[in-house]
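Okay, so here's the structure we're looking at.
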Amino acid sequence: MADIVEMIREDHDLIRRLLRDLQDRPEARDIRYMTLRRELQTHMHAEETTVYRRLASDITDDVAEFLEEHNRMRELIGRLDTTSLEDEAWPRYLADLHDYVDSHFDREEDLLLKRVRDLLSQVERYEMYEQFQMEKGVMAQYTG
Ligand SMILES: [Fe+2]
Ligand SMILES: [Fe+2]
């Protein structure tokens with residue numbers, strides 16, 4: 067049965083791969099940056115409206131910290147958006163986002179996903195998987 071834990075891990079792996087590619091291969095950076103941006107934004111939105119919302123009363127402080135980290139990631143995306151791809155600072159800003167995303171994902175996988183497994187039944191995890199997919203679809207309509 068499809069499971070929210072697997073879904074989030076797959077998203078994380080995809081986004082990690084997009085970040086690595088973008089750093090290692092400067093060609094077609096514009097298109098690949100837009101893909102990364104869309105995947106990351108839709109991922110954050112879907113997490114906030116499903117897992118974070120569900121666990122907010124169980125692990126309140128952790129969820130608040132994860133939310134702050136999302137907001138920091140949005141700021142780092144904003145900095146890339148407003149910097150020309152030709153600017154020599156761009157790769158440095160991308161590396162900052164990469165580091166930040168890596169540590170956020172590691173923490174989620176260690177802490178958040180473990181709590182999801184402890185607290186949610188298999189049926190709930192399946193329902194959350196479906197809701198997560200739906201939220202991603204909604205968000206993708208608003209993200210260029
Ligand atoms: Fe997250
Ligand atoms: Fe995540």
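The sequence shown begins at 67 in our numbering and counts up by one.
Even for Gly, the Cβ is constructed at its ideal location relative to N, Cα and C.
Query, Result
"Going by DSSP, what residue range makes up the alpha helix (DSSP H) through E201?", "188 to 206"
"Going by the C-beta, is E201 closer than 6 Å to any heavy atom of ligand 2?", "no"
"Alpha carbon to alpha carbon, what distance is there between G144 and L151?", "13 Å"
"Following a CB-centred definition, is E113 positioned closer than 6 Å to any heavy atom of ligand 2?", "yes"
"Cα-Cα, which of H164, L133, E190 is closest to L88?", "H164"
"Taking 7 Å as the cut-off, decide whether the C-beta atoms of M205 and T108 are in contact.", "yes"
"Is E174 near ligand 1, in the sense that its beta carbon is under 6 Å from a heavy atom of that ligand?", "yes"
"Does the CB of V129 have a neighbour CB from chain C at under 7 Å?", "No chain C appears in this structure, which consists of one protein chain only."
"Under 6 Å Cβ to Cβ from M194, same chain only, skipping five residues before and after it: list those, please.", "I70, T116"
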